[in-house]
Every structure is written in structure tokens, then in C-alpha cells.
Amino acid sequence: FTIHSSFCLRSLTSIVVTKPPELHLAHPIASQGRGQIMDDNTAKLGTLVSDGGLVNVYIWDMDETLILLRSLLNGTYAESFNGSKDVKRGLEIGKKWEDHILQICDDFFFYEQVEECNEPFLDSLRQYDDGKDLSGYDFKQDDFTTPTDDLNKRRLAYRHRAAAHKYEKGLRPLIDSETMSVLDELYNVTDEYTDGWLSSARAFLEQCSCVQEESVDGTGAIDENQSSQDVHILVTSGALIPSLVKCLLFRLDTFLRHENVYSSIDVGKLQCFKWIKERFNHPKFRFCAIGDGWEECAAAQAMQWPFVKIDLQPDSSHRFPGITPKTVSYYFAAVYGNSDADTSK
1 FTIHSSFCLR SLTSIVVTKP PELHLAHPIA SQGRGQIMDD NTAKLGTLVS DGGLVNVYIW
61 DMDETLILLR SLLNGTYAES FNGSKDVKRG LEIGKKWEDH ILQICDDFFF YEQVEECNEP
121 FLDSLRQYDD GKDLSGYDFK QDDFTTPTDD LNKRRLAYRH RAAAHKYEKG LRPLIDSETM
181 SVLDELYNVT DEYTDGWLSS ARAFLEQCSC VQEESVDGTG AIDENQSSQD VHILVTSGAL
241 IPSLVKCLLF RLDTFLRHEN VYSSIDVGKL QCFKWIKERF NHPKFRFCAI GDGWEECAAA
301 QAMQWPFVKI DLQPDSSHRF PGITPKTVSY YFAAVYGNSD ADTSK
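Every letter in the sequence shown is one number past the one before it in our numbering, and letter 293, counting from 1, is 293.
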């Protein structure tokens, strides 16, 4: 067991995001409307640390970490098994996921309109949102264009608010039972093909969260018997809207709230990590980055956080199934020292 310390045609794989002329680098807590957001943030931090214990903040990459998609589409996952996995089958599975993701992006999350307006997180334009009631708002007739002026920034902020609302409600209100059955079957087929990668990653999240299994209405229930709640944050190199939809389709939304999903395409992972550190600026928070790429490794090193490198190779223990909260506790201990929280997982 080795500690990898950081001090160590349209498709999801070909989407190129055109950066708008003005990139909004200010985190919400440093923007206009700062007071209310700061109050909200302080209240949440107080709740998380109220029991006096440490809180682990897990900062996840998405593809080839919490889920498998890119490696299915390009064949690298199957090829790592040296012939024992059907590459064509993996490609077929990946293509089905890609089609469903893009369809839901376009149908429910305004992706055709905002594809070239990627922002690093949904609240990035919150200062432009005047709080207008959107229940009767016609998003198809508001003449939205690339947000280079305050009016279109407000229109994009409306779309982000609507997207956040839909995301927090979950997938079930958006699609019919037949489509849900198709997606459930695809999830099960994918999990079987990947030897339980999806369900194992989800079990990790559940084990570290005070969230129980999904209830009938599609929401997660809080486990009041768990003494602390670790935090899961997603920092992905994918575009923001497709990444949120991936969370819905791969059953991760129970553990990843919309405000904890970041897209690093335009700003880089280090900037996202800095925002996260600013949000959770309390001595009882400990951070660990988990992913398969060099960028998150370098960003973790710059932040002096431990980094767990995910490895696709079938004989690796640093993959799913394999890696567990207990495994990651060694990384926390290597940087922050031992704690009761480490020994209890």
C-alpha cells in the first residue's frame, strides 16, 4: 500500500466550450449579494462542525473516478483488461450514456442555449439574478444571447437558477417511467460490465455522508444517528450542465448538491480548489482530492492537500471496487495526523 501524497459531430468527448469575453472569476461569497451568501455559508459551516469533530471534504474528479464514461467511449477501460473485456460492448454502453446525457441536457437544462456559455458553477452569476418568479417565464422567447452585457447575464442567471431547482428535485419529475426504466437498466448493465465500479463509488459516498438510500420521492433522507457529515464536492474538467446531468443519471445527486459541482474548463482546477478552501474556511475542515489526472494532482500539491490517484488497471487497489473511506483515511493521516474520525471508518 503506497501513499500518493500531493506534496505528490457533437459529443461529450469533443465539446469545446467557447470562453465568453468576460470570465467571472469571483466566487459567490466575494460578489455582490455577499452578505446573504456569507450568512448562509456561515450557518452551514456551523451546522457541520457543531459536534466538535473534524469534517473531511472529499474533492472528486468525475470521469474515470466516480463514474466511467470517457474510458468506455475511447476503449481504454476495456483495453486495460488485456482482452478479457469486450471493447465494442464498452463503446456501445458509453454511447448510450452520451446520448441520454445530451438529450436531457437539451430537453431540461437549456444546453442548446448555454453550451457556449460555460460557467464554473451555477451560482457564478447570482449577483445578476433579481429573484424574478420564473414559474411562467418563457426561456425560448427572451432573446438570450452570449452574456456580454448585464441583461443577458441576468437571463443566464435565470437559467442557472432553474437548472439548480430541477437538479435538487431529482431525475424522476423530469422523465416518464419508461425512460426511467431504460436508464435503470443501463446503469445496471454498466455496473455489471465495470465489475461494480458505479455501485462501489456510490457506496463510498454513502458511507461518508449522513444520507440514507433514496426515498420514494427521489430524495435522500438525513441519518440523524450519524454524528458528523463529511462533504463531497465535484470538480470536473467537463462542461457544467452535462456534469450536473451526469450526476443525476449516475445517481450521485443525493450526495452532490448543485452548489458543490464545479466545472474547471475555463478557470482550472487550482482556482476551483481555492474557492472551495475559501468556502470551507474553518480549522476543523480537512481536504483530500481524488482523481485520475495530473491537473488535480498538481492543484492538490499547490494547496498542500493529500491526493489519491485513481488507477484503471484491474489489479490496482486504487480504483472502484477497492478504494474505501478507510483507504483514504491514511491519506488524511499522512498530511493532517491521526484522528478519531479516521479510526472510526
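Positions of the beta carbon are idealized from the N, C-alpha and C atoms, including for glycine.
- Judged by DSSP in its simplified three-state form, H282 adopts coil rather than helix or strand.
- Beta-bridge annotation (DSSP): T236 is paired with S263.
- The C-beta separation of E296 from F280 comes to about 17 Å, leaving the pair out of contact by the 8 Å criterion.
- For I104, the enclosing alpha helix (DSSP H) has its first and last residue at 87 to 108.
- The Cβ-Cβ distance between I101 and I233 does not fall below 7 Å.
- Within a 10 Å sphere around the beta-carbon of T236 sit 16 or more other beta-carbons, which makes this residue buried.
- Within the same chain, Cβ atoms closer than 6 Å to the Cβ of S264 are found at V235, S237, C272, the five residues on either side in sequence being excluded.
- Residue pairing by DSSP puts C288 in a beta bridge opposite Y58.
- Residue nearest to G322 within the set L240, V57, L54, L66 is L66 (criterion: CA-CA distance).
- With respect to L205, A164 sits apart: the two C-beta atoms are not nearer than 7 Å.
- As computed with DSSP, I67 is found in a beta bridge with D63.
- At the C-beta level, K269 and A299 come within 7 Å of one another.
- Annotated as proximal: A78 and G90, with beta-carbon spacing under 7 Å.
- Residue pairing from DSSP places K309 in a beta bridge opposite G291.
- Shortest Cα-Cα distance from L171 to any of D311, E278, T146, K246 involves K246.
- The C-beta distance from V57 to K284 rounds to 10 Å, too long to meet the 8 Å contact threshold.
- As computed with DSSP, V231 is found in a beta bridge with V57.
- Shown here for D230: same chain residues with a beta carbon closer than 8 Å to its own, the five before and five after excluded, namely V55, N56, V57, Y58, C208, S209 in chain order.
- By the CB criterion at 7 Å, S80 and Q313 fall inside the cutoff.
- If you check the CB distance, E64 and D315 do not come in under 7 Å.
- With a cutoff of 7 Å on beta-carbon distance, C117 and I241 are scored as not near each other.
- The beta carbon of D142 sits closer than 7 Å to the beta carbons of R155 from its chain, once the five residues preceding and following it are set aside; these are given in chain order.
- P242 sits in a helix when the DSSP states are folded into three classes.
- E115 counts as buried, since no fewer than 16 other beta carbons sit within 10 angstroms of its beta carbon.
- Here A302 is exposed, its C-beta having fewer than 16 other C-beta atoms within 10 Å.
- DSSP places L252 in the coil class of the three-state scheme, outside both helix and strand.
- Looking from the CA of F108, the closest CA among K153, K169, T324 belongs to K169.
- For D191, the uninterrupted alpha helix (DSSP H) segment begins and ends at 177 to 193.
- Between Y330 and P120 a beta carbon distance of about 31 Å is seen, past the 8 Å cut, so the two are scored as non-contacting.
- Annotation: T146 to Q127 spans about 17 Å, alpha carbon to alpha carbon.
- Restricting attention to K274, F287, E278, A203, the CA atom closest to the CA of F255 is found in A203.
- Rounded to the nearest whole angstrom, the CA to CA distance from L249 to H318 is 24 Å.
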